[in-house]
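All residue numbers for the sequence shown refer to numbering that gives the first Met the number 0, where the first residue is 0 and numbers rise by one. Where a beta carbon is used, it is the ideal one built from N, C-alpha and C, also for glycine. For reference, the structure is listed below as structure tokens.
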Amino acid sequence: MITVFGGQTSRSLRVVWLMEEMGLPYRLQQVDMLSATPDAALLAVNPAYYIPAMQDGDVTMVESIAIMEYLMARYGPLWPDAAGAGGG
Ligand SMILES: N[C@@H](CCC(=O)N[C@@H](CS)C(=O)NCC(=O)O)C(=O)O
């Protein structure tokens, strides 16, 4: 199961939106970035302490666009194949 560390109103939304679009099963671990107490789970996967972060088995990533590229490369693509696009 893919885990996304993030919040509803942050760049995490990009990753969550993509996984909803792709129909990928995932778990969203909400992180309150305004809390005075750092989230230990996020700190463990991203010592630089920003969101989103993603864990997919032994793959751990940060950077929202890079995470989206990874998901589309591994589970995608997001766009229809040539036949589906009605072209050609
Ligand atoms: N370039 C990074 C930016 C990540 C970023 O700045 N995240 C914000 C939330 S949208 C954050 O965690 N800010 C808290 C902090 O930097 O302390 C990405 O696209 O993932």
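Quick check: does the Cβ of residue i come within less than 7 Å of any heavy atom belonging to ligand 1?
i     : result
Tyr69 : no
Ser63 : yes
Ile50 : yes
Met60 : no
Met53 : no
Arg73 : no
Met18 : no
Ser9  : yes
Met0  : no
Does residue i come out as helix, strand or coil in the three-state DSSP assignment?
i    : result
Met0 : coil
Secondary structure, alpha helix (DSSP H): runs of 4+ residues fully inside the region 5 to 57:
Within the region 5 to 57, complete alpha helix (DSSP H) segments of at least 4 residues are found at 11 to 21 and 39 to 44, given in chain order.
Take every Cβ of the region 50 to 70, pair it with every Cβ of the region 4 to 14, and state whether three or more of those distances are shorter than 8 Å.
Of all C-beta pairs linking the region 50 to 70 to the region 4 to 14, three or more are shorter than 8 Å, placing the two stretches in contact.
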